[in-house]
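Numbering (my numbering), first residue to last: -9 to 559.
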C-alpha cells in the first residue's frame, strides 16, 4: 500500500500545508474493511493547524475527492476513510508480485551500507543445544531481511574459542577421557567431560587451579595445550557445520574470540592515550558513572583482558578492516549492559559510527519452563530436536499423502521449518518455552501450515497448467467484480513492503512471520469462497494470477525466515 498511501499523503499535505511524511505516517488501516481501505485520523494535526479535527478531516476529504484518485472518500468524525480503486490497485499489486516479488517487499532503503551481523556464536567443545537456536535463526533471518532492504551483509560467527573453560576441558580430557571415544562423538564426549569436571571440582577444588594452570600454558603457546585446543576446535566445528547445513545457515567469517588476542593491546594503548583508563581496585577501567553505568573493565587486576576488551577490538576490526557501516549483535537480553558499555566506550574513543552499533536482544529459551544450563548438564541437543521433528513430519506425510514424490526431502523441509517457525513467530524479546507439543503441532499458526498453504497454491497452478490455462498478468477488473475475499487477500499482499520495513527497523523477524500467516489466512478464505478453475473469462484469469502472486509472496516470506517452501506436501 506504499504507493497508495504516498498519493493520499501528498494530496492532503498540499491542501493543508503539512509535511507529506507527517501525513503518511498517520495513515492507518480501518479496523472494519466496510469503513474503507485506508483511514487518516486528523487529531494530531489540530494543534498545528489550530482547527478542530472534524474540520481538518472535511478539508482533507475534499482534496481527495477532487483528485479523482479514489473510489470513495467519507468523513467520520475526525477520520477520513478512503476506498481505493480496487480493480486497478489489485492488478498493480499482483503484477508486481509476478514480475519481481522482491520489488513488492523492498524499496532497498539502505543501498550502499554494509552490515556486520554477529550471531549464533556457540562455545567450542560444548553441545549445540536448542537454546542456540534463537541467536542462530534470528540472526540468519536478520541477515536476509537486511540484504532485502539493500544492505551488503557480512555474517560473522563469533565462536567462544578462548578462556579458562579450555583449561577445564584439557584437565578433564587428560584425567578421564580418551582419544578414540572423543573422535566417535566429539562434542557430546567433551561436554560429558566438562560436566564431570564441575562435579569433581565440588569435592576437589584444586582442579580449578590445575585448569587455570593449563589455560596459562595455552596463553603462553605451550605445544601440548595448543595441540589439544586446536583439536577441540576442529572437532567441534565439524559437528556445528552439520547442524548449520541442516538449518540452511551460512557465515562469511568464523572469527572466534582467539582471533582478537593480538588486537587488544592496541585498544588498551589507545584508551590510555586518550586518558580514558582509570584504576579501580587494581583493575583498569573506563569510568562510565556519568552515563549511569558501572565501570567498563578493560584489564582485570591480574592483567588479563575480558569480554569488553575483545568486543572493542572486534568492533574496530569489523568497521576498519571489513568495512562495515553498521554493527549488529544478536545476543541474549542478559548482555544488555555489556553492549551499552562497549558502545559508549567506542563513542568516547571518538568513533562516531558507534551510533550505528545495535544490540539485538532476545528472550531466553526455556525447556518445559526450566532454564537450560550447560554447566549443570541441562541441555536439549538441537540435532536431536531436528531429527525428531523430521520423523514426525515424515509420519504425517505417510499418512496424508503416501504417494508424494521425494518424501524425505519434504519431511526435512517441513520438520525443520516447524522448529524454526515456532521460534521466529514470537517477538524476539519474549522468552520462548520449548515444548514438544507446540513445536510439533502441525495445525494452527505454524510453519507447516504456512508451507502447506504455499503447496496448495502450487497445486492449483499445476491443475490449471494441465488444463492449458496460464497465470499470466491479471486483467483489470471492475471494482464491483472483486469478491470480498479476493480484495482482502490483495490488501494483505500489498502490505509486504510495510512489514519488511518494520521487521528491518525493529530487527524482528516475527513481523514477517505474522505477515506470512496473515497472507495464509486470507488465501485460504479466498480459496474456499471464490472458485478459481471453475470461474470463467477475466475472473478466472484474475484469480489464477492472484494465486500465483500469493505463491510467490509466501515463498519469499518463508525464505526471509529461513524456511523452504515445498511445492507439494
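We treat Cβ as the ideally placed atom computed from N, Cα and C, and that holds for glycine. Computed from a predicted model, the values in this text were never measured in an experiment.
Would you please state the rounded distance, in angstroms, between the beta carbons of residue i and residue j? I believe it to be under 8 angstroms.
i: residue 69; j: residue 29; result: 5 angstroms
i: residue 243; j: residue 84; result: In fact, because the Cβ distance is near 40 angstroms, the residues do not count as touching under 8 angstroms.
i: residue 191; j: residue 183; result: Actually they are not in contact, since the Cβ atoms of residue 191 and residue 183 sit about 12 angstroms apart, beyond 8 angstroms.
i: residue 543; j: residue 87; result: 6 angstroms
i: residue 550; j: residue 10; result: Rounded, the Cβ-Cβ distance is 29 angstroms, inconsistent with contact.
Rounding to the nearest angstrom, what Cα-Cα distance links residue i and residue j in this structure?
i: residue 370; j: residue 496; result: 29 angstroms
i: residue 573; j: residue 39; result: Nothing can be reported for residue 573, as the shown portion of the chain is limited to -9 through 559.
i: residue 535; j: residue 144; result: 36 angstroms
i: residue 50; j: residue 58; result: 13 angstroms
i: residue 512; j: residue 404; result: 21 angstroms
i: residue 455; j: residue 222; result: 55 angstroms
i: residue 560; j: residue 81; result: Residue coverage of the chain in this structure runs from -9 to 559, which leaves residue 560 outside it and unanswerable.
i: residue 560; j: residue 502; result: This structure cannot settle anything about residue 560, because the visible part of the chain is limited to -9 through 559.
i: residue 482; j: residue 540; result: 10 angstroms
i: residue 486; j: residue 508; result: 11 angstroms
i: residue 317; j: residue -5; result: 32 angstroms
i: residue 381; j: residue 393; result: 17 angstroms
i: residue 435; j: residue 390; result: 19 angstroms
i: residue 136; j: residue 400; result: 28 angstroms
i: residue 270; j: residue 162; result: 35 angstroms
i: residue 272; j: residue 266; result: 16 angstroms
i: residue 27; j: residue 470; result: 15 angstroms
i: residue 200; j: residue 314; result: 41 angstroms
i: residue 472; j: residue 494; result: 33 angstroms
i: residue 353; j: residue 377; result: 25 angstroms
i: residue 416; j: residue 56; result: 44 angstroms
i: residue 124; j: residue 521; result: 41 angstroms
i: residue 116; j: residue 181; result: 5 angstroms
i: residue 570; j: residue 194; result: Summary: the structure shown does not reach residue 570, with the chain confined to residues -9 through 559, and so no result is reported for it.
i: residue 173; j: residue 110; result: 24 angstroms
Please go through the same chain and pick out, in chain order, the residues whose beta-carbon is closer than 8 angstroms to the beta-carbon of residue i, but skip the five residues on each side of it.
i: residue 54; result: -2, 1, 2, 60, 63, 70, 72
i: residue 349; result: 319, 321, 325, 326, 329, 330, 333
i: residue 268; result: 274, 275, 276, 277, 285
i: residue 118; result: 112, 177, 229, 230, 233, 371, 372, 373
i: residue 448; result: 541, 557, 558
Is the CB-CB distance between residue i and residue j below 9 angstroms?
i: residue 128; j: residue 310; result: no
i: residue 239; j: residue 126; result: yes
i: residue 97; j: residue 491; result: yes
i: residue 236; j: residue 395; result: no
i: residue 442; j: residue 559; result: yes
i: residue 305; j: residue 287; result: no
i: residue 451; j: residue 538; result: yes
Which residues in the same chain as residue i place their Cβ atom closer than 6 angstroms to its Cβ, once the five residues preceding and following it in sequence are excluded?
i: residue 397; result: 387
i: residue 65; result: 47, 48, 51
i: residue 498; result: 418
i: residue 13; result: -1, 2, 3
i: residue 384; result: 401
With 16 as the cutoff for other CB atoms within 10 Å, does residue i come out buried or exposed?
i: residue 101; result: exposed
i: residue 527; result: exposed
i: residue 419; result: exposed
i: residue 215; result: buried
i: residue 407; result: buried
i: residue 438; result: buried
i: residue 262; result: exposed
i: residue 280; result: exposed
i: residue 37; result: exposed
i: residue 489; result: buried
Which same chain residues, not among the five before or five after residue i, have their C-beta less than 7 angstroms away from its C-beta?
i: residue 365; result: Bear in mind that a pLDDT of 49 at residue 365, under 50, signals an unreliable position, so the number given afterwards is only what the model happens to contain. Contacts found: 188.
i: residue 312; result: 106, 144
i: residue 151; result: 114, 223, 246, 247, 248
i: residue 303; result: 250, 253, 254, 257
i: residue 445; result: 556, 557, 558, 559
Does the CB of residue i have a neighbour CB from chain D at under 9 angstroms?
i: residue 272; result: The structure shown contains no chain D; it is built from a single protein chain.
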